[in-house]
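1232 is the number of the first residue of the sequence shown in this note's numbering; add one for each residue after it. No residue lacks a Cβ here, since even glycine has one placed at the ideal position from N, Cα and C. Note sheet for the following structure.
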Amino acid sequence: AIRAVMVLILWPLLNCLGDRVTWREALVMIWSGLRGAVGLVLAIMVDEEKAILDTVGSRFMFHIGGIAMLTIVINATLCAPLLKSLGLTKPPHIDHMTAEHLEKLVKKDAKEAFTEIEKSNQEDSNRRWAGTNFDTLKELLPSLCESVDEDTGHNSHCHDDKAAELRVYRETFMRYVQSQYWNDIEEGIIPRTSRVARVLLFSSADALLQPDKTLDDWKVIHFRAKTFTPCPSIGELIASTRPLNTVQWLQNLLPAESIVQQWKVYLAVCFIEAHRSACEDIPQYFAGCDVISESARIQVTEESESQVKEAKEFLESLPKDTVVLCKNRMLAGKLLHRQLEKVASLAKSGLLDEKGASHIAHRLQAEHRALSGATLLRPEKLGRVYSKVDW
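Shown next, in the form of structure tokens:
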């Protein structure tokens, strides 16, 4: 009762701060108020107090412990059914439809692969799957026999709630953009511990927290880029001195002006490429279905293109030699990472022994260290650095 009164009194204030609290959520807040560790600790303090009689302390422990047990046994046990009955655990209809549509695409892909294997098995009996009983396989995987109808269940979906469609499509879009940033990090295009990686991932995470608003992750990146403060004297000294120019955290702490310019190029180039890939790849998963309306897809794409335009203008304002330098370094990092992956693959397959793999990887790591130092220098100093490296 006390918790119910407290929630009712503070309800108007809670609705003024952040998202509004519905009556269903307020009911759950009242019901799920458990008594546990804090109450028991206070009861133990009372029981251990010498000025209080042992019988009084024992009564405190009995009542507080009993209430804690009852709330755990009754309230906690019934909380899940309460959430289910109020519909708070049920995903929105548009989310359910999106998951259902993508599940059909997965089944369709598996069915196409099954059909291709079945056809190749008939043409060439020496293949790996020769002798496979496809009737038995269909019994093991009943989904292979199901017809994949793109429009099944979609006709009942109306597009009156365009805000929900925009929310889902923006979330999908930004998750894809975020995955592109992670791919760039994994492939060696973006240094893993750099400020660039943190800013890009933060911008996508911030956009995912506000899917009801227009895409504005470039504004977050641009704002962060303007906060980069160079340290001209010390930064230039570090950037031109080996091995200091290979210490990433030191460069982040005391960046030179040239390094700050390179960070900005990295941010703009990676942002443009991630959004371009999202605009090209995501629509193909929703083409020909009624889950997300075409108008919603077009609106989000236009929001992205508007940001990409701003990013391109920002990139054009940076020194051209710095842009070329950063693009060369990004491509070099990608190719080095590709070579390391190939070496690991050859070693895993047994074509390359451990000693040979270690020798090749050591040489590639030396190139990577030289590349890390070269990235932090001005373009005119690149030749001097590479001339000192024993390839």
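Per-residue DSSP class, three states only, for N1364: DSSP places N1364 in coil when its eight states are reduced to three.
Figure out for me which residue from E1511, D1521 and T1286 has the closest Cα to the Cα of S1535. S1535 has its Cα closest to that of E1511, out of E1511, D1521 and T1286.
Restricting to Cα atoms, I'd like to know which of S1316, A1428 and T1363 is closest to Q1409. A1428
Counting pairs of Cβ atoms below 8 angstroms between the region 1519–1528 and the region 1451–1458, do you hit three or more? Judged by Cβ distances under 8 angstroms, the region 1519–1528 makes no contact with the region 1451–1458, as fewer than three pairs qualify.
Do you know whose CA, among T1367, T1532 and K1495, lies nearest L1397's CA? T1532
In whole angstroms, what is the alpha-carbon distance linking K1558 and A1268? 56 angstroms
In angstroms with no decimal places, state the Cα-to-Cα distance between V1451 and Y1407. 18 angstroms
Here's the rule: buried if 16 or more other CB atoms are within 10 angstroms of the residue's CB, otherwise exposed. What is H1324? exposed
Assess, as a yes-or-no matter, whether the region 1414–1433 is touched by the region 1489–1502 under the definition of 3 or more beta carbon pairs within less than 8 angstroms. yes
Whole-angstrom Cβ separation of D1278 and S1289, contact assumed at under 8 angstroms? 7 angstroms
Relative to the C-alpha of F1404, which residue among T1308, K1540, P1514 and N1364 is closest? P1514
How long is the line joining the alpha carbons of E1547 and E1504, rounded to whole angstroms? 15 angstroms
For T1329, count the other beta carbons within 10 Å of its own beta carbon; 16 or more makes it buried, fewer makes it exposed. Which is it? buried
Who are the Cβ neighbours of L1440 in its own chain at under 6 angstroms, not counting the five residues just before and after it? none
Counting C-beta neighbours from all protein chains within 10 Å, is the total for L1566 16 or more, i.e. buried, or is it exposed? exposed
Write down every uninterrupted run of the alpha helix (DSSP H) in the region 1283–1352 whose length is 4 residues or greater and which is fully enclosed by it, in chain order. Complete alpha helix (DSSP H) runs here, min 4: 1285–1301 and 1308–1317.
Please confirm whether K1350 and S1374 have their CB atoms less than 8 angstroms apart. Taking 8 angstroms as the Cβ cut-off, K1350 and S1374 do not qualify as a contacting pair.
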